[in-house]
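In my numbering, the protein residues as written are 19 to 231. C-beta: ideal position from N, C-alpha, C; glycine also. To start, the structure itself, in structure tokens.
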Amino acid sequence: MNIQMDIQSKLPHPTCTHEGVQKYGMDWPKKQIKKRKVSLLFSLIVLFAGCSFCSNTEDYIRDLGSENVVAQRDAIFWLGEKGKKSAALPLMNLLAHERPKVIRLEAIKALGKIGASAPVDKLVSLLEETDEDILVETIEALGKIGDRKAVKPITEILRDDMFKNQTVTLTAIWGLGNIGDKNATPSLMRLSNEKDQFIAYNATIALKRIATR
Numbered sequence: 019m020n021i022q023m024d025i026q027s028k029l030p031h032p033t034c035t036h037e038g039v040q041k042y043g044m045d046w047p048k049k050q051i052k053k054r055k056v057s058l059l060f061s062l063i064v065l066f067a068g069c070s071f072c073s074n075t076e077d078y079i080r081d082l083g084s085e086n087v088v089a090q091r092d093a094i095f096w097l098g099e100k101g102k103k104s105a106a107l108p109l110m111n112l113l114a115h116e117r118p119k120v121i122r123l124e125a126i127k128a129l130g131k132i133g134a135s136a137p138v139d140k141l142v143s144l145l146e147e148t149d150e151d152i153l154v155e156t157i158e159a160l161g162k163i164g165d166r167k168a169v170k171p172i173t174e175i176l177r178d179d180m181f182k183n184q185t186v187t188l189t190a191i192w193g194l195g196n197i198g199d200k201n202a203t204p205s206l207m208r209l210s211n212e213k214d215q216f217i218a219y220n221a222t223i224a225l226k227r228i229a230t231r
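As structure tokens, this is what we get:
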């Protein structure tokens, strides 16, 4: 392997290591190679394991303010996967318009996974945007959180002629069904009669979910 060749190339040649041989024996170079291999292996384990055993929630929350986008995204993902409610407010700060879109999207996803109600108002304000990706992720996050405050803003999107977008519509239908508030019934009833059979079917499913709540 290249790693082994590199290690061996850095060791003194046996013929030039009289002092080492006298002290450690004739297999001294092999011992040094083995020692460095172990050290290298441990370094690789630490590198690929990342912060799974050497960091805590506070470290990841601190990384949300990093200028390194990769570190920032890793922190957002970890906090979302772990459902860390203490990260909800710091994540909300990443929703501002001046933030990179990729960071905003990841923060929205994480907030949906965390499921805290504190960010609902901030997420609802994002429904005023026209970017399809932001809308879809925001509606999905609100649907996962399940706060009934999101029902009216989502139904308004369905009534708005600006959003004749199947992906946005289907996500809104899913979100309303997942929240399960009966105030969404009129909008879903209308959509259940749509010519688009896929939309009509999903609206019917959402109505059934609400009815069983």
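For Glu-124, which residues of its own chain have a beta-carbon under 7 Å away from its beta-carbon, when the five flanking residues on both sides are left out?
Correct list, in chain order: Arg-91, Ile-94 and Phe-95.
Residues in the same chain with beta-carbon distance under 7 Å from Arg-231, minus the five sequence neighbours each way, listed in chain order, please.
Hits under 7 Å: Gly-198.
Rounded to whole angstroms, what is the Cα-Cα separation between Glu-174 and Glu-146?
Cα to Cα, the separation comes out at about 10 Å.
Excluding five sequence neighbours on each side, which residues of the same chain lie with their C-beta closer than 8 Å to the C-beta of Arg-177?
The answer, listed in chain order, is Ser-205.
So, at 6 Å on beta carbons, what are the nonlocal neighbours of Ser-135 in its own chain, with the 5 sequence-adjacent residues on each side left out?
So the list reads Asp-165, once near-sequence residues are dropped.
Given this structure, state the Cα-to-Cα distance separating Thr-185 from Leu-194, to the nearest angstrom.
Distance between the alpha carbons of Thr-185 and Leu-194: 14 Å.
Of the choices Glu-85, Ala-128, Ile-132 and Thr-189, whose alpha-carbon is the least far from that of Val-154?
Checked all of Glu-85, Ala-128, Ile-132 and Thr-189; the closest Cα to Val-154 is Thr-189.
Between the alpha carbons of Leu-62 and Asp-139, how many angstroms are there, rounded?
For Leu-62, the predicted structure reports a pLDDT of 49, less than 50, and the residue's modelled location is therefore unreliable. The matter cannot be settled from this model.
For the alpha helix (DSSP H) that Lys-103 lies in, which residues bound it at each end?
Premise fails: Lys-103 is in no alpha helix (DSSP H) and is neither H nor E.
Is it right to say Leu-209 is buried, meaning 16 or more other beta carbons lie within 10 angstroms of its own, or is it exposed?
Leu-209 comes out buried.
Is Lys-182 helix, strand or coil by DSSP?
The answer is coil: DSSP assigns Lys-182 none of H, G, I, E or B.
Report the three-state DSSP secondary structure of Ala-114 (helix, strand or coil).
Residue state, collapsed to three classes: coil.
What is the DSSP secondary structure of Lys-48, counted as helix, strand or coil?
Per-residue confidence for Lys-48 stands at a pLDDT of 48, beneath the threshold of 50, marking its modelled position as unreliable; no derived number is given.
For Ile-223 and Glu-116, I'd like the C-alpha separation in whole angstroms.
If you take the alpha carbons of Ile-223 and Glu-116, they lie about 38 Å apart.
By Cβ distance, which residues of its chain are closer than 7 Å to Gly-98, with the 5 residues on each side in sequence left out?
Closer than 7 Å at Cβ, skipping near neighbours: Lys-127, Ala-128, Lys-131 and Ile-132.
Taking a contact to mean a Cβ-Cβ separation below 9 Å, would you say Thr-75 touches Ala-105 in this structure?
The answer is yes: Cβ separation under 9 Å.
Can you look up Asp-165 in the DSSP assignment and give me helix, strand or coil?
Reduced to three states, the DSSP call for Asp-165 is coil.
Work out the CA separation of Val-87 and Leu-314 for me, nearest whole Å.
Here the chain has residues from 19 to 231 only, and residue 314 is not among them.
So what's Ser-143 in DSSP terms, helix, strand or just coil?
In the structure shown, Ser-143 sits in a helix (DSSP, three-state: H, G or I).
Following the continuous alpha helix (DSSP H) through Lys-200, name the residue where it begins and the one where it ends.
Segment: none, Lys-200 is in no alpha helix (DSSP H) and carries neither H nor E.
How many angstroms separate the CA atom of Ala-218 from the CA atom of Arg-227?
One C-alpha to the other measures close to 14 Å.
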